[in-house]
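Keeping their order, the protein sequence lines are chains A and B. Per the working numbering, residue 1 is the first one in the first sequence, and the count goes up by one each step. Per the working numbering, residue 394 is the first one in the second sequence, and the count goes up by one each step. These notes are about the structure you will find just below.
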Amino acid sequence: MSDVLGEPARRVLDTLPEAVLIIDAAGRVRYLNDAAGELLGYGAAELEGCDVATVIASQPGQRVDVVAWLARWADEPNSPQLRYLTLTGRVRSGAQLRLSVRVAQLDARRRDYLVTLRDVTAEQREHQDVKHAYLVASRILAICDDAIVNADKDFNVTFFNRKAEALFGVTAAEIVGRPIERLLPQRYRASHGRHIAAFRDAKAPSRLMGERGEIVGLAANGEEIPLEASITKVFVDGEPIFSVQLRDIRARKAAERARAASEQRFRTMFERALEAIALVDPSGSVLELNSAARALLGDTTGALGRKFWLLPWWPRLADAVERERRERAMQDAVARCARGEEIRTRAELVDLRAQRHVIDFSLRPVWETVGDDRAVASILAEGRDITSLVPPT
Amino acid sequence: MPRVTYIESNGTEHVVAVPVGVSVMQGARDNLVPGIEGDCGGLCACATCHVYVEPEWAKRCGEPDELETNILDFAFDVTPLSRLSCQIHVTDALDGLVVRLPERQY
């Protein structure tokens, strides 16, 4: 069958690094060059005269007629489909290849076709892998709980995720292609360009949340939104692409304000209480003392962190045995409270001026629940002076 | 804006808004719907945006022309409801369109 070519042409084609087949109108292989033999795993004598479907075939589920398409492409050698459509090659081992083909009519009278084959299997696989990675990354960006805004070298928006749409009240379709400074209050716009330009020229590839102060965004309804921002830059073909991750901190700031207000209220109540109050950790170390408790102690240096039963307001008894017995009793009471027991008793304190006070004394556990676990987080020690209510002995 | 439902071969549904005039293929790509590749970008030249139009929508989507019919040769598991989604352009009349995606585009 190789008589289809003269010897000089055959020598040229056998020298070509690109795989070449010549087939006739019926789809029979009339010639394959050395590169085609190497690609497909066949010798010329094995394949010449065989149907081209031996080595190029449709895949299961496809209805493509290979010979008809080769003829179509031969009639239209610059068809756009040639860039995108690939045929499936089947090599001798049974493995499949994705083949990019070009076709030319070799002999109009006999309708022989010259077909060049290029193995694009790895190229297609890599292309697919990149597309899948892009899809996964894009889906993550689309649904992530921070607003993501990309901008080009001219600071025009190129990407705007769903959270950004919700945050700023504009759709991606409305903002893409527009200046990113539209997302900033007017008073920041002039300096913003300078900041971005400085970042573009800086050595650092990224600036993370926490490395810079709070910024302010402008929603479509005119509301100014406090934001934390991270920014990174990627240079593509020498041009920067900026990607900004924005976190709405309105809720966090409101929670911080509410927490501070609550702390202030409870701090006031704690400090203004007539009872002496101490907050003690489960091991007995003093965490806090209110003003009434501090007034009893006078010098509070060293009181915080000290074991509750060693505070100087307990009577300094000359009888060491009795003093130790009382300390152990208080230590035991704290330990029992740390296990959840509420303790209330009458106690005796000595103030700065060595005045004795009879105290209605209690230890109460402060519970903390984390998940299904409930534990004593601290102990509230309270003492109410009832000296005036107790008949003198 | 008309809404289009894309149902992946595994049953996952994506309901997205697609502007009038935009192709069903582009609507999928813009909304990160997996399973529609659209390698040629809408030239009707690659058969990687193959979909099955739900029967009740087939008539409103129209018939494929000769080029599309030819290119469908390269799609997999083609049925009478097969279309290349780059050749279906969204109109208000297609609000609610449902298309199913094949198991493979390559």
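All C-beta atoms, glycine included, are put in the ideal place defined by N, C-alpha and C. On a predicted model such as this, the values are computed, not experimentally measured, just so you know.
List, in order along the chain, the chain A residues whose C-beta lies closer than 9 Å to that of residue i?
i, result
"CYS479(B)", "By Cβ distance, chain A contributes nothing, its closest Cβ being about 11 Å from CYS479(B), past 9 Å."
"VAL471(B)", "GLY61, GLN62, ARG63"
"ASP458(B)", "Going along chain A, no residue has its Cβ under 9 Å from ASP458(B), so there is no contact; the nearest lies around 15 Å."
Hey, would you say residue i sits closer than 7 Å to residue j, going by beta carbons?
i, j, result
"TYR31(A)", "VAL4(A)", "yes"
"ALA229(A)", "LEU218(A)", "no"
"SER478(B)", "MET418(B)", "yes"
"ALA19(A)", "ALA36(A)", "yes"
"LEU16(A)", "VAL29(A)", "no"
"PHE469(B)", "GLN186(A)", "no"
"LEU289(A)", "ALA278(A)", "yes"
"TYR84(A)", "CYS433(B)", "yes"
"ARG200(A)", "PRO240(A)", "yes"
"ILE359(A)", "GLY383(A)", "yes"
"ILE175(A)", "PHE160(A)", "yes"
"GLN498(B)", "GLU449(B)", "no"
"GLU207(A)", "ILE231(A)", "Here residue 207(A) is Arg; the residue named in the question, Glu, does not match the sequence. Yes, they are a contact pair."
"TRP313(A)", "LEU352(A)", "no"
"ARG139(A)", "VAL157(A)", "no"
"VAL483(B)", "PRO427(B)", "no"
"ALA381(A)", "VAL216(A)", "no"
"LEU70(A)", "VAL91(A)", "no"
"ASN33(A)", "LEU13(A)", "yes"
"VAL120(A)", "ARG98(A)", "yes"
Among the options, which has the Cα closest to the Cα of residue i?
i, options, result
"CYS144(A)", "ALA166(A), ASP129(A), VAL130(A), ALA151(A)", "ALA166(A)"
"ARG252(A)", "ALA147(A), THR369(A), PRO226(A), GLY238(A)", "PRO226(A)"
"VAL366(A)", "VAL286(A), ASP372(A), VAL376(A)", "VAL376(A)"
"ARG189(A)", "PHE168(A), ALA260(A), GLY210(A), PHE155(A)", "PHE155(A)"
"ILE386(A)", "VAL236(A), LYS131(A), ALA276(A)", "ALA276(A)"
"PHE235(A)", "GLU38(A), ASN150(A), LEU287(A)", "ASN150(A)"
"LEU363(A)", "GLY371(A), ASP373(A), ARG346(A)", "ARG346(A)"
"ASP75(A)", "SER93(A), GLU48(A), ASP112(A)", "ASP112(A)"
"ILE379(A)", "ALA292(A), SER93(A), GLU368(A)", "GLU368(A)"
"ASN221(A)", "ARG212(A), LEU184(A), ARG257(A)", "LEU184(A)"
"ALA197(A)", "GLY213(A), LYS233(A), VAL170(A), ARG212(A)", "LYS233(A)"
Check residue i in the structure and name its three-state DSSP category.
i, result
"ARG250(A)", "helix"
"GLY193(A)", "helix"
"ILE429(B)", "coil"
"GLN355(A)", "coil"
"PRO407(A)", "Not covered by the structure: residue 407(A). The range shown for chain A is 1 to 393."
"GLY383(A)", "strand"
"ARG316(A)", "coil"
"PRO80(A)", "coil"
"ILE464(B)", "helix"
"ASP75(A)", "helix"
"LEU40(A)", "helix"
"ASP394(A)", "An answer regarding residue 394(A) cannot be provided, because it is not within the stretch 1 to 393 covered by chain A."
"ALA25(A)", "coil"
"VAL170(A)", "coil"
"SER291(A)", "helix"
"MET1(A)", "Model confidence at MET1(A) stands at a pLDDT of 49, short of 50, so the residue's coordinates are unreliable; what they give is reported in the following sentence. Correct three-state label for MET1(A): coil."
"VAL390(A)", "coil"
"THR405(B)", "coil"
"ALA273(A)", "coil"
"PHE159(A)", "strand"
"ASP119(A)", "strand"
I'd like to know if residue i contacts chain B, where contact means its C-beta is closer than 7 Å to some C-beta of that chain.
i, result
"ARG139(A)", "yes"
"TYR84(A)", "yes"
"LEU21(A)", "no"
"GLN96(A)", "no"
"MET1(A)", "Low confidence applies to MET1(A): its pLDDT is 49, below 50, so where it sits in the model is not reliable enough to give any reading."
Which residues in chain B have a C-beta closer than 7 Å to the C-beta of residue i? List them in chain order.
i, result
"ALA142(A)", "LEU425"
"GLN264(A)", "Result: empty, since nearest Cβ-Cβ is about 48 Å, beyond 7 Å."
"LEU135(A)", "LEU425, PRO427"
Taking residue i as the query, report the chain A residues whose CB atoms sit under 8 Å from its CB, ordered along the chain.
i, result
"ILE400(B)", "None at all; the shortest Cβ gap to chain A is about 17 Å."
"ASP485(B)", "Ordered by position in chain A, no residue passes the 8 Å Cβ test against ASP485(B), which lies about 18 Å from the chain."
Given that residue i touches chain B, what residues does it touch there, using C-beta distances under 8 Å?
i, result
"PRO80(A)", "CYS433, LEU436, ALA438"
Using beta carbons (cut-off 7 Å, strictly below), is residue i in contact with chain A?
i, result
"ASP488(B)", "no"
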